[in-house]
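In our numbering, the protein residues as written are 225 to 343.
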């Protein structure tokens, strides 16, 4: 909060020195959007298997502490036990998704993105 007060003072000072009207001055005091914080680890909230296929269907869910602060997109990434690189398996605005997975051990991570950056 102190950062925003100092930023507002700085911008108001600049506005006053440039003869800006009071209406225009209000724009300078708006909160500056910050990049999202790290999201919590995604978790499996539901799992089901079909006896006729090798696939397991899982519903993943995740939370981000500042999700109400203008998130525009989430990206769920997975890496299998034999892989070194993560691959994107979901991109969108929801905080859950359904995946069909082959038998393997997986590592998942989530990234949040807004206009100020990516977690």
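Virtual Cβ for every residue (Gly too), placed ideally from N, Cα, C.
Within 8 Å, strictly: CB atoms of residue 337 and residue 296: A contact, by the Cβ cut-off of 8 Å.
DSSP beta-bridge partners of residue 303: Per DSSP, 331.
Terminal residues of the beta strand (DSSP E) in which residue 308 lies: Where residue 308 is concerned, there is no enclosing beta strand (DSSP E), given that its DSSP letter is neither H nor E.
Selected residue, minimal CA-CA separation from residue 327, among 320, 273 and 333: Of the listed residues, the one whose Cα sits closest to residue 327 is 273.
DSSP three-state assignment for residue 323, whether helix, strand or coil: Reduced to three states, the DSSP call for residue 323 is strand.
Those residues which DSSP pairs with residue 337 across a bridge: BP columns for residue 337 point to 297 and 342.
Per-residue burial, residue 287 [other beta carbons within 10 Å of its own, 16 or more giving buried]: Its Cβ having fewer than 16 others within 10 Å, residue 287 is exposed.
Whether residue 331 touches residue 303 by CB criterion (8 Å): In terms of Cβ geometry, residue 331 and residue 303 form a close pair [threshold 8 Å].
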